[in-house]
Amino acid sequence: MKKIKAFFAESYGELKKVVWPGRESVASSTKVVMVSTVLFALFFGVVDFLLVKGLFFIF
145 MKKIKAFFAE SYGELKKVVW PGRESVASST KVVMVSTVLF ALFFGVVDFL
195 LVKGLFFIF
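Taken in order, the sequence shown gives residues 145 to 203; the numbers are from my numbering.
#1: Which of the three DSSP states, helix, strand or coil, is assigned to M178?
#2: Excluding the five sequence neighbours on either side, which residues of its own chain have a C-beta within less than 8 Å of the C-beta of V162, listed in chain order?
#3: Determine the DSSP secondary structure at F201, reduced to helix, strand or coil.
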């Protein structure tokens, strides 16, 4: 039981040391992730479309 209490006490102490990102930083990172996700989806969608059309052209 002492180990469990020590674990939670140490975990709480480590969480106090964490430097949490600000709201602006999180919003900026979220925008980057969303834009890059859309761009990759469009790129792979176009590649998939071209490959399917190429296969139908060949066969």
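C-beta: ideal position from N, C-alpha, C; glycine also.
On the basis of the data shown:
#1: helix
#2: none
#3: helix
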